[in-house]
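Novice: The structure that follows is given in the form of structure tokens.
There are 2 protein chains.
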Amino acid sequence: MIETPYLLFLGDAPDGLAAKVAQGIRDWRPEFCVGQYRMEGCNADLGLTDMTLTQARDAGAKTLVVGVANRGGKISQAWKKVLVTALEEGFDLASGLHNLLRDEPDLVAVAAATGRALHDVRVPEVEYPIADGKKRTGKRVLGIGTDCSVGKMYTGLALDRSMRDAGMKATFRATGQTGILITGDGVPLDAVVADFMAGSVEWLTPDNDPDHWDIIEGQGSLFHVSFSGVTMALIHGGQPDALILCHEPTRTHMRGLPEYDLPSLETLRDVALPLARVANPGCVVTGVSINTQRMSDAEATAYLAEVEARMGVPAVDPFRHGAGRLAEALAAL
Amino acid sequence: MIETPYLLFLGDAPDGLAAKVAQGIRDWRPEFCVGQYRMEGCNADLGLTDMTLTQARDAGAKTLVVGVANRGGKISQAWKKVLVTALEEGFDLASGLHNLLRDEPDLVAVAAATGRALHDVRVPEVEYPIADGKKRTGKRVLGIGTDCSVGKMYTGLALDRSMRDAGMKATFRATGQTGILITGDGVPLDAVVADFMAGSVEWLTPDNDPDHWDIIEGQGSLFHVSFSGVTMALIHGGQPDALILCHEPTRTHMRGLPEYDLPSLETLRDVALPLARVANPGCVVTGVSINTQRMSDAEATAYLAEVEARMGVPAVDPFRHGAGRLAEALAAL
Numbered sequence: 000m001i002e003t004p005y006l007l008f009l010g011d012a013p014d015g016l017a018a019k020v021a022q023g024i025r026d027w028r029p030e031f032c033v034g035q036y037r038m039e040g041c042n043a044d045l046g047l048t049d050m051t052l053t054q055a056r057d058a059g060a061k062t063l064v065v066g067v068a069n070r071g072g073k074i075s076q077a078w079k080k081v082l083v084t085a086l087e088e089g090f091d092l093a094s095g096l097h098n099l100l101r102d103e104p105d106l107v108a109v110a111a112a113t114g115r116a117l118h119d120v121r122v123p124e125v126e127y128p129i130a131d132g133k134k135r136t137g138k139r140v141l142g143i144g145t146d147c148s149v150g151k152m153y154t155g156l157a158l159d160r161s162m163r164d165a166g167m168k169a170t171f172r173a174t175g176q177t178g179i180l181i182t183g184d185g186v187p188l189d190a191v192v193a194d195f196m197a198g199s200v201e202w203l204t205p206d207n208d209p210d211h212w213d214i215i216e217g218q219g220s221l222f223h224v225s226f227s228g229v230t231m232a233l234i235h236g237g238q239p240d241a242l243i244l245c246h247e248p249t250r251t252h253m254r255g256l257p258e259y260d261l262p263s264l265e266t267l268r269d270v271a272l273p274l275a276r277v278a279n280p281g282c283v284v285t286g287v288s289i290n291t292q293r294m295s296d297a298e299a300t301a302y303l304a305e306v307e308a309r310m311g312v313p314a315v316d317p318f319r320h321g322a323g324r325l326a327e328a329l330a331a332l
Numbered sequence: 000m001i002e003t004p005y006l007l008f009l010g011d012a013p014d015g016l017a018a019k020v021a022q023g024i025r026d027w028r029p030e031f032c033v034g035q036y037r038m039e040g041c042n043a044d045l046g047l048t049d050m051t052l053t054q055a056r057d058a059g060a061k062t063l064v065v066g067v068a069n070r071g072g073k074i075s076q077a078w079k080k081v082l083v084t085a086l087e088e089g090f091d092l093a094s095g096l097h098n099l100l101r102d103e104p105d106l107v108a109v110a111a112a113t114g115r116a117l118h119d120v121r122v123p124e125v126e127y128p129i130a131d132g133k134k135r136t137g138k139r140v141l142g143i144g145t146d147c148s149v150g151k152m153y154t155g156l157a158l159d160r161s162m163r164d165a166g167m168k169a170t171f172r173a174t175g176q177t178g179i180l181i182t183g184d185g186v187p188l189d190a191v192v193a194d195f196m197a198g199s200v201e202w203l204t205p206d207n208d209p210d211h212w213d214i215i216e217g218q219g220s221l222f223h224v225s226f227s228g229v230t231m232a233l234i235h236g237g238q239p240d241a242l243i244l245c246h247e248p249t250r251t252h253m254r255g256l257p258e259y260d261l262p263s264l265e266t267l268r269d270v271a272l273p274l275a276r277v278a279n280p281g282c283v284v285t286g287v288s289i290n291t292q293r294m295s296d297a298e299a300t301a302y303l304a305e306v307e308a309r310m311g312v313p314a315v316d317p318f319r320h321g322a323g324r325l326a327e328a329l330a331a332l
């Protein structure tokens with residue numbers, strides 16, 4: 000659990016794209032963001048107040064979050080100077096970098112001396128149990144994709160916002176690095192050892208109020224041969240009551256696998272539901288989330304209407320139109 | 000890769016069951032077994048020649064294999080004395096114990112000083128790639144189960160023997176600790192990090208002769224919620240041409256999951272084949288392997304005939320009747 004609120008470290012990001020993790024935190028958890036810290040040469044700007052470490056600390060920030068890709072694959076000395084000072088000022092550090100904070104001897108030494116925490120969200124920090132498959136109280140919804148990177152996390156976060164806005168009890172459960180940095184908690188599922196994958200998802204989504212929804216961040220795809228095992232563990236560990244099918248209609252082949260075609264939404268539904276019903280016999284598909292960013296407004300509207308007629312459940316692009324109809328379908332379950 | 004041949008260490012096994020890993024090596028790879036090493040109080044006997052370390056070394060043994068469960072969950076001083084001497088005599092050590100050899104400072108120090116290897120087969124020793132899904136040459140068969148522990152490894156080893164006896168090119172590809180100790184090589188799949196599971200199976204079953212068969216050891220079950228992700232990675236990483244369905248008919252619920260019923264063989268087939276055809280569109284079910292150990296001869300014969308008629312492919316118990324008909328079905332593919 001990463002302590003909030005955050006000061007978002009943008010470093011010397013060459014452009015906004017390099018700071019997209021920080022942008023995600025800003026977009027989805029503005030209440031966690033006290034301000035931004037930009038170094039000389041930084042070309043990213045989240046529209047937050049620029050703060051020094053001291054100003055941010057005085058404003059209550061607990062953790063400096065490295066929400067930016069590092070140049071050249073190493074943590075530079077210029078960054079180090081800020082990170083070390085932050086530890087000395089009483090901040091914890093959190094990072095989703097491939098280079099781990101814990102692999103930097105100076106950061107480790109200063110964190111130990113100051114009693115601060117280094118959170119590398121790519122590495123599991125918990126010994127997860129083996130899944131026991133026991134039915135848990137409360138409700139769960141999982142986004143599953145025809146492919147990787149079609150918008151499952153975005154769909155989950157939008158759904159979380161819509162459900163809370165509608166007064167429903169909901170918690171977004173992060174299963175990837177970006178999601179963990181956005182919400183401050185979660186399981187880095189792709190880094191969990193095989194035998195404990197499903198158990199880690201059970202751990203992440205424990206017993207809850209009967210009318211509470213866990214919105215579980217999806218990963219991979221049952222049809223993506225590199226990562227399908229991770230998706231399978233989410234379906235069985237999460238024992239979802241509801242599935243939301245996620246799709247990007249202009250994708251011409253599976254991501255990173257040029258020889259592989261995408262399945263249809265019907266095929267995804269027909270393969271996933273029998274598997275999901277092993278863990279939860281009542282599981283149903285309640286909606287379709289379409290990433291229409293590469294379509295015009297007219298194309299998107301026509302495509303969504305066609306999918307909705309075909310699939311018999313609400314089909315929306317949560318980015319264009321909000322996730323309200325997906326939330327309503329869950330409320331009606 | 001563990002160097003063969005082996006001296007099998009039975010320690011002070013209280014009974015034969017405690018030495019079942021050694022028994023498996025003895026049963027399936029007798030040509031790897033120079034002899035057995037028994038300590039005072041050992042009640043297991045594999046029928047191999049009892050040897051001292053020196054005798055075994057002179058007979059050509061390269062590795063001392065700890066093929067026995069340890070009492071009390073720790074490596075005793077009595078065992079240590081033998082293991083340290085074995086290193087000094089020039090043996091490598093291999094073990095499938097939960098307690099790792101590498102966690103014993105004395106063994107680590109002596110192995111370093113003598114230049115010998117410590118193989119803990121529960122721990123991956125390779126950095127596996129992420130799966131790329133590319134079609135590989137050669138053929139592959141995978142056993143998949145209605146449940147865990149229904150005889151998938153045994154089926155694979157019996158098939159390996161029958162195929163070699165029939166003059167076919169075949170390699171058993173171990174994916175679990177016992178299988179790795181039996182064959183000297185493999186991937187401890189349940190200990191691999193999630194993102195690399197399918198890639199490790201691709202690595203294990205590379206391009207081969209067009210008429211060569213990899214017999215991939217199955218793990219878990221698509222219907223076992225604790226481990227289904229591991230099974231999924233085997234199906235997509237292995238890209239099998241043939242599946243053999245494995246079943247234990249007297250099982251009343253999924254192993255370790257009292258609330259979960261077993262699927263029928265038809266359900267297993269109908270769920271697994273569409274998933275397998277994502278990676279290999281030509282995949283078919285070529286046989287059924289039934290573990291009939293809890294049935295009389297007459298019951299087993301009647302049950303197998305009934306399954307064979309229902310499923311339309313050979314149904315055998317490889318332990319009672321050999322795997323010859325399963326091998327013939329692969330040869331005919």
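Protein chains in written order, with numbering that gives the first Met the number 0: chain H, 0 to 332; chain V, 0 to 332. We put the CB at the ideal spot given by N, CA and C, even for glycine. Please read these numbers as outputs of a predicted model, since none were measured by experiment.
Closer than 7 Å, CB to CB, is Val-120/H near chain V or not?
Specialist: no
Novice: Within a Cβ cutoff of 6 Å, which residues of the same chain sit near Thr-249/H, ignoring the five residues on either side of it in sequence?
Specialist: Take Thr-249/H, set aside five residues on each side of it, and the residues of its chain with a beta-carbon closer than 6 Å to its own are Arg-293, in chain order.
Novice: Output the distance between the C-alpha atoms of Thr-182/H and Ala-173/H, rounded to the nearest integer angstrom.
Specialist: Rounded to whole angstroms, Thr-182/H to Ala-173/H spans 7 Å at the Cα level.
Novice: Counting pairs of beta carbons, one from the segment 247-264 of chain V and one from the segment 158-170 of chain V, are three or more of them closer than 8 Å?
Specialist: no
Novice: Along the segment 176-208 of chain H, what residues have a CB closer than 8 Å to any CB found in chain V?
Specialist: Leu-188, Asp-189, Ala-190, Val-191, Val-192, Ala-193, Asp-194, Met-196, Ala-197, Gly-198
Novice: So, is the C-beta of Ile-129/V closer than 7 Å to a C-beta in chain C?
Specialist: Absence of chain C from the displayed structure is noted, the protein chains being H and V.
Novice: Going by Cα to Cα distance, which pick from Asp-102/H, Thr-136/H, Gly-175/H is closest to Leu-188/H?
Specialist: Gly-175/H
Novice: Which residues in chain V have a C-beta closer than 8 Å to the C-beta of Glu-258/H? List them in chain order.
Specialist: Gly-132, Lys-133, Lys-134
Novice: Residue range of the beta strand (DSSP E) that Arg-37/V falls in?
Specialist: Per DSSP, the continuous beta strand (DSSP E) segment holding Arg-37/V begins and ends at 32-37.
Novice: Let me know the secondary structure DSSP gives Met-310/V once reduced to three states.
Specialist: helix
Novice: In terms of residue numbering, what span does the alpha helix (DSSP H) encompassing Leu-82/H cover?
Specialist: 76-87
Novice: Check Lys-151/V in the structure and name its three-state DSSP category.
Specialist: helix
Novice: Any contact of the segment 4-17 of chain V with the segment 68-82 of chain V, i.e. 3+ C-beta pairs under 8 Å?
Specialist: yes
Novice: Please say whether Leu-9/H and Cys-32/H have beta carbons closer to each other than 7 Å?
Specialist: no
Novice: Return the residue from the list Ser-220/V, Ile-234/V, Leu-106/V that minimises the CA-CA distance to Phe-361/H.
Specialist: Residue 361/H is absent from the model: chain H starts at 0 and stops at 332.
Novice: Which residues in the same chain as Val-83/V place their Cβ atom closer than 6 Å to its Cβ, once the five residues preceding and following it in sequence are excluded?
Specialist: Here the set comprises Val-109.
Novice: So what does Ala-93/H bridge to, in DSSP terms?
Specialist: Val-64/H, His-118/H
Novice: Out of Ala-322/H, Ala-331/H, Asn-207/H, Leu-106/H, which one is the CA nearest neighbour of Asp-159/H?
Specialist: When only C-alpha atoms are compared, the closest one is Ala-322/H.
Novice: Taking all protein chains shown into account, decide if Thr-145/V is buried (16 or more other Cβ within 10 angstroms of its Cβ) or exposed.
Specialist: buried
Novice: In three-state terms, what does DSSP make of Gly-10/H?
Specialist: strand
Novice: Taking the Cβ atom as the reference point for each residue, do Pro-128/V and Gly-228/V lie within a distance shorter than 7 Å?
Specialist: Cβ distance not < 7 Å, so Pro-128/V and Gly-228/V don't count as in contact.
Novice: Leu-261/V touches chain H at which residues, Cβ-Cβ below 9 Å?
Specialist: Within chain H, no residue comes near Leu-261/V; the closest Cβ sits about 11 Å away, beyond 9 Å.
Novice: If the cut is a Cβ gap below 9 Å, which residues of chain H does Pro-273/V touch?
Specialist: Thr-266, Asp-269, Val-270
Novice: Mind pulling the chain H residues with CB within less than 7 Å of Met-231/V?
Specialist: Ser-227, Gly-228, Met-231
Novice: With a cut-off of 7 Å, does the C-beta of Val-125/H fall near any C-beta of chain V?
Specialist: no
Novice: Which of the three DSSP states, helix, strand or coil, is assigned to Ser-161/H?
Specialist: helix
Novice: When the Cα atoms are used, what is the spatial distance from Val-312/H to Val-284/H?
Specialist: So the alpha carbons of these two residues sit roughly 8 Å apart.
Novice: Residue range of the alpha helix (DSSP H) that Asp-210/V falls in?
Specialist: Element bounds for Asp-210/V: n/a, residue is neither H nor E.
Novice: Take every Cβ of the segment 127-143 of chain H, pair it with every Cβ of the segment 100-119 of chain H, and state whether three or more of those distances are shorter than 8 Å.
Specialist: No: fewer than three Cβ pairs fall under 8 Å.
Novice: Return the residue from the list Leu-47/H, Glu-327/H, Arg-101/H, Val-140/H that minimises the CA-CA distance to Ala-116/H.
Specialist: Closest option to Ala-116/H, Cα to Cα, is Arg-101/H.
Novice: With respect to the beta strand (DSSP E) encompassing Phe-318/V, which residues constitute its N-terminal and C-terminal limits?
Specialist: Segment 317-320 is the alpha helix (DSSP H) holding Phe-318/V; no beta strand (DSSP E) there.
Novice: Taking beta-carbon pairs under 9 Å, can you tell me which members of the segment 234-245 of chain V lie near chain H?
Specialist: Result list: Ile-234, His-235, Gly-236, Gln-238.
Novice: Pull up the CB-CB distance for Leu-329/H and Ser-288/H, whole angstroms please, since I reckon it's below 8 Å.
Specialist: Rounded, the Cβ-Cβ distance is 13 Å, inconsistent with contact.
Novice: Using a Cβ cut-off of 7 Å, pull out every chain H residue sitting near Ala-314/V, in sequence order please.
Specialist: In chain order: nothing, as chain H lies at least about 23 Å away.
Novice: Tell me where the alpha helix (DSSP H) around Ile-181/H begins and ends.
Specialist: 176-182
Novice: Which chain H residues are close to Val-224/V, counting only those with a beta carbon under 8 Å from its beta carbon?
Specialist: Ala-130, Gly-132, Ala-197, His-235, Gly-236, Gln-238, Val-277, Ala-278
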